[in-house]
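**Q**
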Amino acid sequence: MVSNSEIAARLEAIEGDITTLKVDAVVNAANAPLMRGGGVDGAIRRAAGFEIDEDLQRIGHCEPGTSIFTFGYRLPASYVIHTVAPVWSGMNGNAQEERIFSACYASALKLADENDIDSIAFPAIGTGAYRWPPQLAAELALAAVVRHLRDGGRQTRVIFCCFAVVDRERYADLISRLAG
Ligand code: AR6
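Residue 607 in the numbering used here sits at position 131 of the sequence shown; the count goes up by one each step and never skips.
What follows is the structure, given as structure tokens:
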């Protein structure tokens with residue numbers, strides 16, 4: 477049984493641009509038709525180069541809560557795992573949409589395990605154009621990552637890469653509470 481403090485030691489919250497991180501994989505917050513978007517998706521595609529657009533056009537679709545895999549091309553990260561959050565309904569306590577949101581993290585980490593990815597960085601999926609409240613999103617994200625690592629997930633380093641310092645503090649606080 478992996479203890480909470482062992483899990484917390486594998487987690488990290490940083491403020492920064494996910495496209496600069498030298499990790500095995502970065503996660504992208506995409507849309508279901510895998511069309512080029514703004515936000516983190518636009519930043520990742522710009523930095524990776526045209527090959528990633530071609531790959532995503534060929535793949536063509538990603539259901540909310542599921543994930544797909546491409547190379548990172550010109551990114552410092554070797555791979556990109558693309559996942560799609562549901563658009564937030566605007567109502568708290570919607571178990572079905574929270575389940576799909578959590579599945580973004582679970583499915584990305586499952587793909588990471590299958591591809592021997594030890595270090596992975598997540599942006600705050602769903603909290604931009606898809607309007608998820610940042611605190612709820614962070615709590616669901618952390619819970620899903622902890623479940624994965626507790627169930628034997630191989631990652632030694634999971635980074636929550638935040639664009640704003642307040643989001644970094646939110647994750648840092650959740651991680652320190654987990655460590656106890
Ligand atoms: N590094 C880290 N975080 C970033 C970066 C970056 N370079 N750029 C933005 N963020 P969003 P969503 C943060 O809108 O809500 C896209 O157009 C940003 O501040 O990118 O899942 C897709 O194509 C926010 O906290 O993703 C979809 O159509 C977080 O990343 C749709 O938007 C997520 O914001 C997906 O919306």
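Glycine residues also receive a C-beta, built at the ideal position from the N, C-alpha and C atoms.
#1: Are there any heavy atoms of the ligand AR6 lying less than 7 Å away from the beta-carbon of C538, as far as the coordinates show?
#2: Does DSSP classify I490 as helix, strand or coil?
#3: Under 8 Å between the Cβ atoms of A617 and F639?
#4: Are the CB atoms of A588 and I544 nearer to each other than 8 Å?
#5: Taking the Cβ atom as the reference point for each residue, do S578 and A614 lie within a distance shorter than 8 Å?
#6: Cα separation between R653 and A561?
#7: Could you check whether the Cβ of A579 sits closer than 7 Å to any heavy atom belonging to the ligand AR6?
#8: From which residue to which residue does the beta strand (DSSP E) around R630 run?
#9: Buried or exposed: which applies to Q572, given that a residue is buried once 16 or more other Cβ atoms fall within 10 Å of its Cβ?
#10: Enumerate in chain order the residues of its own chain whose CB-to-CB distance from I596 is below 8 Å, with the five nearest sequence positions on each side excluded.
#11: Under DSSP, the beta strand (DSSP E) around S543 begins and ends at which residues?
#12: Which of helix, strand or coil does DSSP assign to Y606?
#13: So does A495 have its beta carbon nearer than 7 Å to some heavy atom of the ligand AR6?
#14: With distances taken Cα to Cα, identify the nearest neighbour of I593 among S554, V478, R534, E527.
**A** Checking against the coordinates, here is how it stands:
#1: The answer is no for C538.
#2: The answer is strand: DSSP assigns I490 an E or B state.
#3: No.
#4: The answer is no: Cβ separation not under 8 Å.
#5: No.
#6: Roughly 26 Å between the two C-alpha positions.
#7: Within 7 Å of the C-beta of A579 there is not a single heavy atom belonging to the ligand AR6.
#8: That residue, R630, is in no beta strand (DSSP E); it is neither H nor E in DSSP.
#9: Exposed, because fewer than 16 other Cβ atoms sit within 10 Å of the Cβ of Q572.
#10: Closer than 8 Å at Cβ, skipping near neighbours: V499, D500, A501, V502, V503, I557, A584, L585, A588, Q631, R633, V634, I635.
#11: 543–547 is the span of the beta strand (DSSP E), which, as asked, contains S543.
#12: In this structure, Y606 counts as coil in the three-state DSSP scheme.
#13: Note that residue 495 corresponds to Thr in the displayed sequence, not to Ala. Indeed, a heavy atom of the ligand AR6 lies less than 7 Å from the Cβ.
#14: If we check each option's Cα against that of I593, S554 comes out closest.
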